[in-house]
Amino acid sequence: MSRAGFTEGLATWHRQVEIRSKERATGQSDTMSSVGTTDYRLSAGDGRYPGGTQRPAEVQKLLGEFQELYQDRIRRLDQSGDGREETLKLKIGVLQSYVRDLSEQNQVLIQTLEELETGSEQRVNSLERELEEYACRLKENDQENRTLRSTHESLEQDNYVSSDLENGGRGSCVRPSLALRPLPTEHLTGTTATIHGTP
248 MSRAGFTEGL
258 ATWHRQVEIR
268 SKERATGQSD
278 TMSSVGTTDY
288 RLSAGDGRYP
298 GGTQRPAEVQ
308 KLLGEFQELY
318 QDRIRRLDQS
328 GDGREETLKL
338 KIGVLQSYVR
348 DLSEQNQVLI
358 QTLEELETGS
368 EQRVNSLERE
378 LEEYACRLKE
388 NDQENRTLRS
398 THESLEQDNY
408 VSSDLENGGR
418 GSCVRPSLAL
428 RPLPTEHLTG
438 TTATIHGTP
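In our numbering, the protein residues as written are 248 to 446.
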């Protein structure tokens with residue numbers, strides 16, 4: 248049962264209060280029938296009924312009118328003062344009907360609270376799942392950011408090394424290293440001959 252259904256049920260009660268008030272004025276009925284509570288139960292449990300949410304003050308007013316209707320019937324029976332058994336039975340019937348309707352009203356309220364609690368729990372669970380998913384995505388994005396930053400630094404290092412090697416290669420072509428130059432041997436010929444001719 249939705250909150251809209253609950254307020255629609257109260258509106259049905261309100262209509263029944265007006266009907267009973269008219270019956271009271273014309274003297275058509277001295278007992279409270281179960282039509283009001285039956286309509287209330289059906290409309291409160293039927294989610295197809297349209298209707299907006301009423302303010303708490305309006306709900307309280309409807310419940311007050313419903314209670315006043317029962318009190319008025321008891322008062323009218325007390326004012327008869329004849330003490331007949333039939334009158335006492337009518338009074339007992341009104342009280343029993345009042346207790347039954349209060350019990351049904353409490354059941355509807357309990358059901359409404361349970362459904363509201365269930366809806367709140369589902370909403371909390373949904374928010375928790377969304378928060379966990381957001382935290383997971385945030386962690387993945389942070390890891391991806393670190394990977395991209397590391398890749399960027401590695402590419403910069405590779406570019407620096409490549410540029411340095413290219414600059415070093417051009418210098419070697421222009422001026423070869425002393426260790427790689429050919430050493431002239433013409434001036435060593437006489438010395439070598441003298442050494443070989445020594446006894």
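Glycine included, every Cβ here is placed at the ideal spot set by N, Cα and C.
Source: prediction; values computed, not measured.
Answer with buried or exposed for residue i, where buried requires no fewer than 16 other C-beta atoms within 10 angstroms of its C-beta.
{"i": "R320", "result": "buried"}
{"i": "L360", "result": "exposed"}
{"i": "Q352", "result": "buried"}
{"i": "L324", "result": "buried"}
{"i": "L378", "result": "exposed"}
{"i": "D348", "result": "buried"}
{"i": "V355", "result": "buried"}
{"i": "L412", "result": "exposed"}
{"i": "L316", "result": "buried"}
Using a Cβ-Cβ cut-off of 7 Å (strictly less than) and excluding sequence neighbours within five positions of residue i, which residues of its own chain qualify?
{"i": "T278", "result": "Low per-residue confidence applies at T278: pLDDT is 42, beneath 50, and the placement is therefore not dependable enough to give any value."}
{"i": "E387", "result": "none"}
Excluding the 5 residues flanking residue i on each side, which residues of the same chain have their C-beta closer than 8 Å to its C-beta?
{"i": "E447", "result": "Look at the range of the chain in this structure, 248 to 446, and you will see that residue 447 is not part of it."}
{"i": "L374", "result": "none"}
Within the present structure, is the beta-carbon of residue i separated from the nearest heavy atom of the ligand COA by less than 6 Å?
{"i": "H399", "result": "This structure lacks the ligand COA, and indeed carries no ligand of any kind."}
Got a sec? Which residues, its chain only, sit under 6 Å from residue i by beta carbon, not counting five neighbours each side?
{"i": "I442", "result": "With a pLDDT of 48 at I442, under the threshold of 50, the predicted position of this residue should be treated as unreliable, and no value is reported."}
{"i": "L427", "result": "Annotation note: pLDDT 49 at L427 (below 50); position unreliable, coordinate value reported separately. Taken in chain order, the list of residues that qualify is empty."}
Entirely enclosed beta strand (DSSP E) segments - the stretch 362-405, minimum 3 residues: none
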